[in-house]
Structures are given as structure tokens and as C-alpha cells.
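Trainee:
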Amino acid sequence: MDRNQLDEIISLCLQELYDQDGQILAQDIGERAICGRLAMLMVPKFPVYSVDIEYNRKGPGLEPKDIEMPDENGELTASRVFPDIIVHERGHNHRNLLVVEVKKSTNAVGDEHDLAKLQALCGQLRYQNGLFLRLSTGPNSALTGVQRQWVEGPATGEF
Numbered sequence: 058m059d060r061n062q063l064d065e066i067i068s069l070c071l072q073e074l075y076d077q078d079g080q081i082l083a084q085d086i087g088e089r090a091i092c093g094r095l096a097m098l099m100v101p102k103f104p105v106y107s108v109d110i111e112y113n114r115k116g117p118g119l120e121p122k123d124i125e126m127p128d129e130n131g132e133l134t135a136s137r138v139f140p141d142i143i144v145h146e147r148g149h150n151h152r153n154l155l156v157v158e159v160k161k162s163t164n165a166v167g168d169e170h171d172l173a174k175l176q177a178l179c180g181q182l183r184y185q186n187g188l189f190l191r192l193s194t195g196p197n198s199a200l201t202g203v204q205r206q207w208v209e210g211p212a213t214g215e216f
């Protein structure tokens with residue numbers, strides 16, 4: 058599945074989210090609840106993959122999902138991660154199609170950490186694609202306010 062196909066699927070899912078669940082977006086409900094709804098909308102679009110939220114295990118031994126990220130001093134440190142949404146095959150790291158990090162527009166924290174986390178997830182855990190979504194939330198929430206940024210993973214062959 059190429060990036061254009063993924064982008065089309067994500068566009069459809071976001072349209073459905075804002076059409077069906079606009080109330081939770083307008084009411085600025087918690088990020089986990091919004092991610093859960095988005096993941097539920099993604100499931101039928103990825104019939105040969107699992108779509109999971111905050112899935113924190115990797116490989117056949119189901120070890121905790123850790124990545125190396127720079128700490129406040131710039132030193133690489135292993136960090137346990139709980140990606141917001143992943144599209145993958147469970148039990149190995151050979152078909153990790155997509156990792157998504159979500160942030161609400163009402164969250165004042167910058168995007169840099171999420172983008173660095175996506176880079177690390179793609180590079181270290183072999184996700185083919187990473188996507189950062191800043192969802193438009195609050196009283197003026199609208200699909201047109203959603204921001205997307207794709208992160209390229211390593212070339213690992215056809216998924």
C-alpha cells in the first residue's frame with residue numbers, strides 16, 4: 058500500500074470522524090477517546106492488518122516497545138512508547154504499515170516531540186509510514202482545520 062492510498066484512507070476516516078463524532082471533537086473530549094473512535098473507523102479499511110491504540114509490545118516475544126530518544130541533555134535514552142494508533146500485523150516487526158500520533162488543536166504543546174517520536178518509531182521499529190495529525194477540536198472544530206504531516210519510514214519492500 059503506497060502513501061497515496063494511505064492518505065486516501067486517512068482522509069475518508071477523518072471525514073467519518075468529523076461527520077459521526079463531531080460532538081466529541083467540539084466538546085474537546087480526551088485524546089485517547091478520540092483516538093479510539095478514529096481507530097474504530099480505520100479497522101474496516103485495513104482488513105488484512107490489526108489496528109490498535111496504545112499497543113506497546115513488539116516482536117514474537119512481546120517485549121515492551123522501546124525507542125531511543127534524546128533526553129533534555131541530548132543524550133540518547135531508551136524510552137517506553139505507547140503509539141496512539143498503529144496499523145500492523147501482531148507478533149513480529151515485518152509488516153508495520155502505519156504509526157499515527159495525534160494531538161488536539163487545543164493542546165498548546167508543540168509538535169516537535171511527536172515528530173521525533175514518529176521518526177524513531179519508523180527508523181527503529183520499521184514502521185513503513187508515520188503520520189502526525191493535529192486534529193481540530195473545541196467549539197470551532199472542523200475537518201478543514203486538521204493538519205497532517207507524513208514521516209517516511211525505511212524502505213522495507215512492498216506491504
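One gets our numbering by counting positions in the sequence shown from 1 and adding 57 to each. Cβ coordinates follow ideal geometry from the N, Cα and C atoms, glycine included. In this text, all values refer to a predicted model and were calculated from it rather than measured experimentally.
(1) Return the CA-CA distance between Arg89 and Met97, expressed in angstroms with no decimal places.
(2) Since Met99 is in the beta strand (DSSP E), which residue starts that stretch and which ends it?
(3) Going by Cα to Cα distance, which pick from Gly202, Leu172, Ser193 and Gly195 is closest to Gly210?
(4) How many Å lie between Ser162 and Thr134 at the Cα?
(5) Run through DSSP, which three-state label would Ser136 get?
(6) Below 7 Å between beta carbons: does that hold for Leu95 and Thr194?
Mentor: Once the coordinates are examined:
(1) Position 32 of the sequence shown holds residue 89. Position 40 of the sequence shown holds residue 97. Answer to the nearest angstrom: the Cα atoms are 12 Å apart.
(2) One-based indexing of the sequence shown puts residue 99 at position 42. Met99: not part of any beta strand (DSSP E); member of the alpha helix (DSSP H) spanning Glu88 to Met99, first to last residue.
(3) Against the sequence shown, residue 210 aligns to sequence position 153. Nearest option by C-alpha distance: Leu172.
(4) As a first step, residue 162 is located in the sequence shown; it is residue number 105 there, counting from the start. As a first step, residue 134 is located in the sequence shown; it is residue number 77 there, counting from the start. For Ser162 and Thr134, the distance between alpha carbons rounds to 29 Å.
(5) Within the sequence shown, residue 136 is the residue found at index 79, counting from 1. Correct three-state label for Ser136: strand.
(6) As a first step, residue 95 must be located in the sequence shown, where it is residue number 38. As a first step, residue 194 must be located in the sequence shown, where it is residue number 137. Contact flag unset, no.
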